[in-house]
Amino acid sequence: MHYLITGGAGFIGSHLAEALLAQGHQVTIIDDLSTGRFENIAHLRGRPGFHFAIDTITNEIVLDRLASECNAIYHLAAAVGVNMVVQRPVHTIQTNIMGTEAILRVAARYRVPVLIASTSEVYGKGVRIPFHEDDDVVLGPSIRSRWSYAVSKLVDEFLALAYQREVGLPVIIARLFNTVGPRQTGNYGMVIPRFVEQALQNQPITVYGDGRQTRCFCDVADVVRAITGLMGHPQARGRVFNIGSTEEISIEELAHRVKAVTHSNSPITHIPYDEAYAPGFEDMRRRVPDISRIHDLLGWQPQITLDETLIRVREWLRHEHAKHATTTS
Ligand code: UDP
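Sequence positions in the sequence shown follow the working numbering and run 100 to 428.
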């Protein structure tokens, strides 16, 4: 099979590219390197069956050619990260909506199945835990820019499902819940790379709010297994799937776990949301997926524990530091 991965130089995309190549597939990635990094895929250059295009997915000429050459598309290119969403809302909305529209349009032209990476953000402030794919969503008002991300991703979901219904394009929606692992950068707000970096530098670990908000963190290797499984299953088409861990942890407890795994002396400090993000910022208190749908279809469930992931992230960051020290010395 020949797969196209949009956002293939990003955190999840680069792990997916590696996994598909290891299974003997051909992989083409397209990435504009806005948040993806060439370093994430540099080691894949020259591998048989690997191709890349540094371009935006709104370049229709390039996209048309790439879509015509592949058998299926993983659409991961998006503006992500709470910092990015709060600081660049126009960019977020445009990238997520216009980018997905462009992908679906070319995919429909060549009848190429598409898996769309969506997000647990779409559940918003829902209080019925765990979140099930068919639950109602509860979003905040449009004056709070955080919600633009959830809305842009929901539009993507509606659009993809509409393409399936109206023109018969096979689509799969994967709602990812806090995916973590090596190569994830803390630059756009993601908590685990930020905490591990802070701990390794013995700097204060910055817990936002009271730290009692909870999340479930899922290792990227488990997520790659889930999305490749969905792509290969004919009954996944036209459906929405939660993908995440069910191991719930508060952010305060996470800070302690990171300290333990890194043997760090960092103090744990609390920063009000208004200071960390923007005045009036609204966070989710709890976010836990119901993963019975993907489990019933594929037998999938996460295999990597949070501590194992924290160790993987720690080792990756240490390696990055060492690399950086060598190149600057
Ligand atoms: N968070 C934190 N300190 C940080 C970054 C994030 O306490 O330096 C909190 C954030 O407010 C949220 C949780 O960690 O409650 C997860 O944040 P992340 O941006 O990783 O993902 P989200 O679930 O918000 O999309």
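Glycine residues also receive a C-beta, built at the ideal position from the N, C-alpha and C atoms. No experiment lies behind these values; they were computed from the predicted model shown.
Residue i vs residue j beta-carbon contact at 8 Å
{"i": "N364", "j": "N301", "result": "yes"}
{"i": "E232", "j": "V387", "result": "no"}
{"i": "L275", "j": "T218", "result": "yes"}
{"i": "S251", "j": "I196", "result": "yes"}
{"i": "V221", "j": "D163", "result": "no"}
{"i": "P401", "j": "C317", "result": "yes"}
{"i": "V213", "j": "T278", "result": "no"}
{"i": "T408", "j": "A118", "result": "no"}
{"i": "R360", "j": "I410", "result": "Looking at the sequence shown, residue 360 is not Arg but Val. It is a contact, given that the beta carbons lie within the stated cut-off."}
{"i": "E381", "j": "G239", "result": "yes"}
{"i": "T134", "j": "Y287", "result": "yes"}
{"i": "L329", "j": "A320", "result": "no"}
{"i": "I304", "j": "I367", "result": "yes"}
{"i": "I129", "j": "L165", "result": "yes"}
{"i": "Y102", "j": "A171", "result": "yes"}
{"i": "R324", "j": "W399", "result": "yes"}
{"i": "G337", "j": "L405", "result": "no"}
{"i": "C315", "j": "E351", "result": "no"}
{"i": "R136", "j": "A108", "result": "yes"}
{"i": "G148", "j": "H124", "result": "yes"}
{"i": "R227", "j": "L299", "result": "no"}
Classification of residue i by the beta-carbon crowding that lies within 10 angstroms, buried from 16 upward
{"i": "Q283", "result": "buried"}
{"i": "E265", "result": "exposed"}
{"i": "G225", "result": "buried"}
{"i": "S241", "result": "exposed"}
{"i": "Q297", "result": "buried"}
{"i": "N47", "result": "Because the chain in this structure spans residues 100 to 428, residue 47 falls outside the shown range and cannot be described."}
{"i": "G432", "result": "Residue 432 is absent from the structure shown; the chain starts at 100 and stops at 428."}
{"i": "I104", "result": "buried"}
{"i": "Q122", "result": "exposed"}
{"i": "H202", "result": "Per the sequence presented here, residue 202 reads as Ile, with His not at that position. Classification of I202: buried, given that the 10 Å Cβ count is 16 or more."}
{"i": "R392", "result": "buried"}
{"i": "F257", "result": "exposed"}
{"i": "A377", "result": "exposed"}
{"i": "H174", "result": "buried"}
{"i": "S113", "result": "buried"}
{"i": "V295", "result": "buried"}
{"i": "D131", "result": "buried"}
{"i": "V189", "result": "exposed"}
{"i": "R208", "result": "exposed"}
{"i": "K422", "result": "exposed"}
{"i": "A424", "result": "exposed"}
{"i": "M183", "result": "buried"}
{"i": "I160", "result": "exposed"}
{"i": "T426", "result": "exposed"}
{"i": "G280", "result": "buried"}
{"i": "V237", "result": "exposed"}
{"i": "I153", "result": "exposed"}
{"i": "P379", "result": "A quick correction: the sequence has Gly, not Pro, at residue 379. With fewer than 16 Cβ atoms within 10 Å of its Cβ, G379 is classed as exposed."}
Residue i CB to nearest heavy atom of the ligand FMN below 7 Å
{"i": "V290", "result": "Looking at this structure, you won't find the ligand FMN anywhere; what it does contain is the ligand UDP."}
Distance between beta carbons of residue j and residue i, contact taken as under 8 Å
{"i": "H142", "j": "T127", "result": "Not quite, the Cβ-Cβ distance comes to about 17 Å (not below 8 Å), so this is no contact."}
{"i": "S349", "j": "Q312", "result": "7 Å"}
{"i": "V448", "j": "A354", "result": "Given that the chain is displayed from residue 100 to residue 428, the structure contains no residue 448 and the question cannot be resolved."}
{"i": "V270", "j": "Y262", "result": "6 Å"}
{"i": "G310", "j": "H369", "result": "6 Å"}
{"i": "M289", "j": "G180", "result": "6 Å"}
{"i": "L268", "j": "R210", "result": "7 Å"}
{"i": "L120", "j": "R146", "result": "6 Å"}
Tell me the start and end of each unbroken alpha helix (DSSP H) in the stretch 106-157 that is at least 4 residues and wholly inside, in chain order.
Listed in chain order, the complete alpha helix (DSSP H) runs (minimum 4 residues) inside the stretch 106-157 are 110-121.
Counting only runs of 4+ residues fully inside the stretch 357-415, write out the alpha helix (DSSP H) ranges in chain order.
With a minimum length of 4 residues, the continuous alpha helix (DSSP H) runs that stay inside the stretch 357-415 are 372-375, 391-397.
4 or more residues per run - each alpha helix (DSSP H) lying fully within the stretch 268-348
Those alpha helix (DSSP H) runs which fall completely within the stretch 268-348 and span 4+ residues are 290-299, 319-330.
Which runs of the alpha helix (DSSP H), 4 residues or longer, sit entirely within the stretch 194-267?
The DSSP assignment places 245-266 as complete runs of the alpha helix (DSSP H) inside the stretch 194-267, in order along the chain (cut-off: 4 residues).
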